[in-house]
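**Student:** My questions will all concern the structure given below.
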Amino acid sequence: MLLPADHRRVIIHLDADCFYAQVEMVRDPSLRDKPLGVKQKNLMVTSNYVARSMGVKKSMWIKEALEALPDLILIDGSDLTHYRQCSSEISAVVRTFTVDVERLGLDENFADVTEILEDYIEESDPNKIEGRVYGDKEPDETLPGDPCGCGCRERLIAGALVAKKIRQQIVKATGITCCAGVAHNKLLAKLVSGYYKPNQQTVLFPWLVHQLMNSLNLTRSIPGIGSTMYKTLEELGIHTVKDLQNSSLALLHSKFDDETSKRLRDLSFGIDDAPVRRSGRPQTIGLEDAFRKVNSIDVVQSKYLTLLERLLKLLKEDGRIPSTLRVCVRKFDTKKKFGNRESRQTPILPSLFASGVQNVGENTRATLMNQVMELFHKMVDTSKEFHLTLLSIGFTKFIERASHENSISRFFFKRKRSETEEQDINEEKGEKSAHLKSFSTFSSVNNSKIHSLELYLESCSESDSYSSEGGRNNQGSMNIKDMLSKSHNHSIERKILKTLKGNSSNNMHKQTSVTNNEASVSNCDQNNGDSNCHAASSPLEDLSSADKDGIARVPHGIDEEVFQALPPEIQDEIILDYKSKPPDPKPVPKSTTGSPKIPFKVKTTSATLDKYFKRDSVRGPREARETVPKISSTETNAESVISHHSSNEAAPPERKEDGGEDKSAASGSSSSGLSPSTLQPPDGVDSSVFSALPWEIQKEIVEEQRRSLSSSSASRVSNSPSYSGRRREASSSIMKYIKKV
DNA sequence: TGGGGTCCT
DNA sequence: AGGACCC
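Oh and the first sequence: position 392 is 392 in full-length UniProt numbering, straight run, nothing missing.
The structure is reproduced here in structure tokens:
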């Protein structure tokens, strides 16, 4: 029944000790030796170890805590700003060891260190291990041999070394101490990380898994089994982990679906194949305020206003542009203590954040506030009495590309904000014809052909947000580098890229003296001494000064011609990308069979093109389904890279970074409209390629065909004012590349 | 019990 | 929009 156990991975779970309290102690070292508690409202959320030793535990009421210890120092931890900051620094440190880092809350991180083990295996002593071993009686017990024989012993010993180095680096960078658990899966690593408590680490060898699991008793203590499942299990007579191990799948089936039943069973045996999913930047940014009672609209409004103001600051730090606003309330309800929240959401007009998220004007604030109240009124009938206990607002569905593509985006998006805006608004309203309008309205100013291509390329690179850098979904699509390499399959794309470069680079730069993106970036530079903005630029600076020698730095596998033609900043990014991911570490299986069916409506890059641009996704359709109006602005905002952990005695070998940690909330729909009707590909054009192109481009191709057919006699067939000579050239150059070979 | 988050349905 | 889970 049980397959041979799989101990191939080494997972480290890191858990900061009494996180909030530690952060406060780092901020004010004089608190170190005093009993300290961090509270939120009436609840004590954490206490430091001094306080704990004096009887003040977690999750106590403030009242109780003060009764137990009148000298307790209390700090209000309702504002998570500092914790958030520290938390990202910790994750950033872990990420210098491996990019496979998953955050869980603010104080926990999983790291899959399997791939970096080689770098540490030699350094580690096969008979000694860092930290504690689960099941040992004393700190430096002799290690057992290898009852397993699969090599896991060695790997875990190396893993323990890695864990120790990570913890050292975290302390060095942030002053925060952590516990760590090292095991062959996430479940086990997590279960074991807290075994020896402050500032220690423990390794679990596979042969003690049963002992560990059986020691747990209640099923509730298995992460993944929450209160609801726990209750259901109880109803089935399953109370302990052992019960769960012995329960029949048939019994579980009576209450759970197939997958859940299997998962439960596996968990009870310590089996867990869940991957460490890279955490990107948050999918939602929200704020809550809880209280005993609010029953007047005025108070509601003022609470929301405060929340909104704070939220806009967070949004500014984040830099991305949200596309939906969510408002939430919790109504007083004696019965349900939990879950009685209601929420409503609404799309945000992209024009609201037209000038980025950096300087939100009064109008935007007012509009947002109106929307908040509108949503609120959908949930609460204020003509009657009401009793609320919580209000919250949040932004979701961010529009962005991976931050490492930022300068690439800037290259592609030298167009006026107003153009995008208009399109976005129109898209949002579903006004299909509007795209035509903007198409002709602006093309006299801007080279529309280029414009279309930009949009087109953007739509391709937008799917990249899921790629290696950003993606918690490692199914990721290709990023720019991938587009440029993997040569002949993608000749079309490469040539389009070339075309773009060749025809446009000149006028693109003249067109808009200062783009909004540039504005935002410099804005960002000014406005903070905060590490965020520097993170993205400094590695590039290093790099460009390091190897300036032209051709020699063309990465292997990239078309040299294309590469040389790219702007230096993009070259740098590509090189950086290459350096961080040397020769194809983990080839991603490419099957064309599983290609997700994407409704044509939501994606300009249809399935046909996906074949060329994207790797197959495991869970494809989910992201694809999300449609988000495109916005051209993207803010540089790699998570802060620790500046002070520079010295590298214990630093990880090589590997380092891997770009930013981005994830976009949705894959964008790209250019403005989808074709209201399908155009027929002209003769000589591959129909699958043709149909995959954005409608704008299709249209141009068709029109060009038409023109060339009636060519010699009538040179101005088109009644579109947008047709300039320049455009025609550009257009015909596309044809060369799209025609069947 | 707070003030956050994640993903799935 | 809500529910489950996590901290």
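Think of the CB as a built atom: it goes at the ideal place given N, C-alpha and C, for glycine as much as any other residue.
Under the rule that 16 or more other beta-carbon atoms within 10 Å means buried, what is LEU191, buried or exposed?
**Tutor:** buried
**Student:** Measuring CA to CA, which of VAL93, VAL329, GLU123 and PRO139 is closest to CYS178?
**Tutor:** VAL93
**Student:** Could you tell me which residues DSSP pairs with ILE285 in its beta bridges?
**Tutor:** PHE395.
**Student:** Which one or two residues does DSSP pair with GLN211 in a beta bridge?
**Tutor:** For GLN211, DSSP records no beta bridge to any residue.
**Student:** Check whether the Cβ atoms of LEU161 and SER124 sit closer than 7 Å, and answer yes or no.
**Tutor:** yes
**Student:** Would you identify the three-state DSSP class for residue 749, choosing helix, strand or coil?
**Tutor:** This structure gives no information on residue 749, because the portion of the chain shown stretches from 1 to 741.
**Student:** How is ILE166 classed by DSSP in three states: helix, strand or coil?
**Tutor:** helix
**Student:** Taking the beta carbon of ASP100 as the centre, do at least 16 other beta carbons fall within 10 Å, making it buried, or is it exposed?
**Tutor:** buried
**Student:** From residue 743 to ILE399, what does the alpha carbon distance come to, in whole angstroms?
**Tutor:** For residue 743 there is no data in the structure shown, the boundaries of the chain being 1 and 741.
**Student:** Just checking, does the segment 136-154 make contact with the segment 169-183 on the three C-beta pairs under 8 Å criterion?
**Tutor:** As far as the Cβ criterion goes, the segment 136-154 does not touch the segment 169-183, which means the pair count is below three.
**Student:** Between which two residues does the alpha helix (DSSP H) holding ILE90 run?
**Tutor:** Looking at the DSSP string, the run of the alpha helix (DSSP H) that includes ILE90 is 81-95.
**Student:** At 3 residues or longer, and completely inside the segment 27-71: list those beta strand (DSSP E) runs for me, N to C.
**Tutor:** 36-40 and 43-47
**Student:** Between which two residues does the beta strand (DSSP E) containing PHE110 stretch?
**Tutor:** 108-112
**Student:** Mind checking LYS335: buried by the 16 CB within 10 Å criterion, or exposed?
**Tutor:** With fewer than 16 other Cβ atoms within 10 Å, it is exposed.
**Student:** Output the boundary residues of the alpha helix (DSSP H) element that contains SER268.
**Tutor:** 258-268
**Student:** Looking at the structure shown, is VAL10 part of a helix, part of a strand, or coil, going by DSSP?
**Tutor:** coil
**Student:** In whole angstroms, what is the alpha-carbon distance linking GLY286 and ASN246?
**Tutor:** 42 Å
**Student:** By how many angstroms is the C-alpha of LYS165 removed from the C-alpha of THR96?
**Tutor:** 11 Å
**Student:** Assign GLN211 to one of two classes, buried (16 or more other C-beta atoms within 10 Å of its C-beta) or exposed (fewer than that).
**Tutor:** exposed
**Student:** Who are ILE73's beta bridge partners in DSSP?
**Tutor:** LEU36
**Student:** Tell me which residues share the same chain as VAL241 and place their Cβ nearer than 8 Å to its Cβ, disregarding the 5 neighbours each side in the sequence.
**Tutor:** The residues MET213, ASN214, LEU216, ASN217, LEU218, THR219, SER221, ILE222 and SER268, in chain order, have a CB closer than 8 Å to that of VAL241 in the same chain once the five nearest residues on each side in sequence are set aside.
**Student:** If you draw a straight line from the alpha carbon of ARG132 to that of ILE238, how long is it in whole angstroms?
**Tutor:** 32 Å
**Student:** Put ILE172 into one of helix, strand or coil per three-state DSSP.
**Tutor:** Just to set this straight, residue 172 is Lys in the shown sequence, not Ile. Helix.
**Student:** Taking DSSP as the reference, what is the three-state secondary structure of ILE450?
**Tutor:** Model confidence at ILE450 stands at a pLDDT of 26, short of 50, so the residue's coordinates are unreliable; what they give is reported in the following sentence. In the structure shown, the three-state DSSP call for ILE450 is helix.
**Student:** Got a sec? Which residues, its chain only, sit under 7 Å from ILE129 by beta carbon, not counting five neighbours each side?
**Tutor:** LEU143, ILE157, ALA160 and VAL203
**Student:** Apart from the five residues on each side of it in sequence, which residues of its chain come closer than 6 Å, Cβ to Cβ, to CYS18?
**Tutor:** Excluding its 5 nearest sequence neighbours in each direction, CYS18 has C-beta neighbours in its own chain below 6 Å: THR46 and ASN48, listed in chain order.
**Student:** Would you identify the three-state DSSP class for GLU700, choosing helix, strand or coil?
**Tutor:** Caution applies to GLU700, whose pLDDT of 49 falls short of 50 and renders its modelled position unreliable; the value that the coordinates give is listed next. DSSP places GLU700 in helix when its eight states are reduced to three.
**Student:** Measuring alpha carbon to alpha carbon, tell me which of THR114, ASP140, ARG167 and LYS186 ends up nearest GLU154.
**Tutor:** THR114
**Student:** Only counting the same chain, and skipping five residues up and downstream in sequence, which positions put a Cβ closer than 7 Å to that of ASN340?
**Tutor:** ARG330, LYS331 and ASP333
**Student:** Could you check the C-alpha separation between ASP107 and MET379 for me, to the nearest Å?
**Tutor:** The straight-line gap from Cα to Cα measures roughly 34 Å.
**Student:** Could you pull the DSSP bridge partners for residue 784 from this structure?
**Tutor:** Absent from the structure is residue 784, since the part of the chain shown begins at 1 and ends at 741.
**Student:** Quick check on ALA16: does DSSP put it in helix, strand or coil?
**Tutor:** Taken through DSSP and simplified to helix, strand or coil, ALA16 comes out as strand.
**Student:** Determine, using beta carbons only, whether GLY270 and LEU208 come nearer to each other than 7 Å.
**Tutor:** no
**Student:** Are TYR83 and VAL23 closer than 7 Å when you measure CB to CB?
**Tutor:** In this structure, TYR83 places its C-beta atom within 7 Å of the C-beta atom of VAL23.
**Student:** So LYS186 is in the alpha helix (DSSP H); what residue range does that whole segment cover?
**Tutor:** 186-193
**Student:** Can you tell me whether DSSP reads LEU104 as helix, strand or coil?
**Tutor:** strand
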